[in-house]
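Colleague: Sharing a structure below in structure tokens format, with a few things to ask.
Residue numbers (the working numbering): 1 to 249.
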């Protein structure tokens, strides 16, 4: 069974709170525009929102937060190239703005530009050393670039920043499993399960470590999986098939 990864995970709750705070501030900077008739189409609404920020930038062309707001607005409406350009301008003006680097890292990743994504994640954690999500995502991109040692360190930093960050334990466990460091992988997967017992992929990854090495260990994982998730979970059929094979003489 192929190992599964949460991979690039969504921004954590702390990050969401931070973005809301920044956007609230930006809305004040750009102005609200008073009582205006609501636009009739999504395109008109997009044009109105973008125009509002562009007008503010005419007055304050070197305001980095306005460039960030412009990038967020472009991204919201699907104009990814324009979003990237605006946020790149933001970090030119405000190099230590970690949230802008994080947004760029995600844009670059989605564009398939992994090298630039890594650099942007590195800048994110340079200016926000406690950002567990950024470290986890940095580790994932390092792994994609076949830089496993750096990936291990990034995942370890994610766990140091947030000891309950289950995806980082899972992703680090996969790296150790791939390196055939089985005991470390098992410990990490079991820690992930202890934190989040309803995370089915971790059970599958853990069973994969035991496969062809420890029949009783693998069987125990699958039995726990079925007891936890029942017969209708998408991997339950595979769990039953593996148990049937393990019971064969």
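Backbone N, C-alpha and C fix where the C-beta goes; we use that ideal spot for every residue, glycine too.
At the level of alpha carbons, what is the spacing between residue 223 and residue 180?
Modeller: The straight-line gap from Cα to Cα measures roughly 24 Å.
Colleague: Who are the near neighbours of residue 62 in its chain, counting only those whose CB is closer than 7 Å to its CB and skipping five residues on each side?
Modeller: Contacts found: 93.
Colleague: Given that a residue counts as buried once 16 or more other Cβ atoms are within 10 Å of its Cβ, and exposed if not, what is residue 48?
Modeller: Its Cβ having fewer than 16 others within 10 Å, residue 48 is exposed.
Colleague: What number of angstroms, rounded off, separates the C-alpha of residue 31 from the C-alpha of residue 52?
Modeller: With a pLDDT of 45 at residue 31, under the threshold of 50, the modelled position of this residue cannot be trusted, and the question is left open.
Colleague: Helix, strand or coil: which one does DSSP assign to residue 136?
Modeller: DSSP places residue 136 in helix when its eight states are reduced to three.
Colleague: CA-CA distance, residue 87 and residue 174?
Modeller: Near 33 Å, if we compare the C-alpha coordinates of residue 174 and residue 87.
Colleague: In whole angstroms, what is the alpha-carbon distance linking residue 144 and residue 176?
Modeller: Computed Cα separation, rounded: 15 Å.
Colleague: Quick one, which of 146, 215, 81, 197 has its alpha-carbon nearest residue 226's?
Modeller: Comparing Cα positions, the closest option is 197.
Colleague: In the structure shown, what three-state DSSP assignment does residue 108 receive?
Modeller: If DSSP states are grouped into helix, strand and coil, residue 108 belongs with the helices.
Colleague: Measuring CB to CB, does residue 210 end up less than 9 Å from residue 192?
Modeller: No. Outside cutoff.
Colleague: Could you work out which residue in 103, 186, 199 is closest to residue 167 when comparing CA atoms only?
Modeller: Minimum Cα distance to residue 167 is reached at 199.
Colleague: Can you list, in chain order, the stretches of the alpha helix (DSSP H) that have 4 or more residues and sit fully within the stretch 145 to 181?
Modeller: For the stretch 145 to 181, whole alpha helix (DSSP H) runs of length 4 or above, ordered along the chain, are 148 to 161, 166 to 178.
Colleague: Under the rule that 16 or more other beta-carbon atoms within 10 Å means buried, what is residue 96, buried or exposed?
Modeller: With fewer than 16 Cβ atoms within 10 Å of its Cβ, residue 96 is classed as exposed.
Colleague: For residue 134 and residue 218, I'd like the C-alpha separation in whole angstroms.
Modeller: Distance between the alpha carbons of residue 134 and residue 218: 33 Å.
Colleague: Could you check what DSSP says for residue 34 in three-state terms: helix, strand or coil?
Modeller: Here residue 34 scores only 48 on pLDDT, less than 50, and its place in the model should not be relied on; the value that follows carries that caveat. Here residue 34 sits in coil by DSSP.
Colleague: Roughly how far, in whole angstroms, is the beta-carbon of residue 154 from the beta-carbon of residue 130, given that I think they are within contact range, below 8 Å?
Modeller: Between residue 130 and residue 154 the Cβ distance is about 14 Å, and since that is not below 8 Å, they are no contact.
Colleague: Using the three-state DSSP reduction, which class does residue 218 fall into: helix, strand or coil?
Modeller: Correct three-state label for residue 218: helix.
Colleague: Sorted by chain position, which residues of the same chain lie with C-beta nearer than 7 Å to residue 233's C-beta, five sequence neighbours on each side aside?
Modeller: Correct list, in chain order: 200.
Colleague: Identify the continuous alpha helix (DSSP H) that holds residue 248 and give its terminal residues.
Modeller: Here residue 248 belongs to no alpha helix (DSSP H), and DSSP marks it neither H nor E.
Colleague: When you compare only the Cα positions, how much space is there between residue 55 and residue 98?
Modeller: Taking the straight line from one Cα to the other gives about 25 Å.
Colleague: By the 10 Å Cβ neighbour count, where 16 or more other Cβ atoms means buried, how is residue 70 classified, buried or exposed?
Modeller: That one is buried.
Colleague: In or out: residue 208 buried (at least 16 other Cβ within 10 Å) or exposed?
Modeller: Buried, since its Cβ has 16 or more Cβ neighbours within 10 Å.
Colleague: Less than 9 Å between the beta carbons of residue 68 and residue 103, yes or no?
Modeller: Yes, they are a contact pair.
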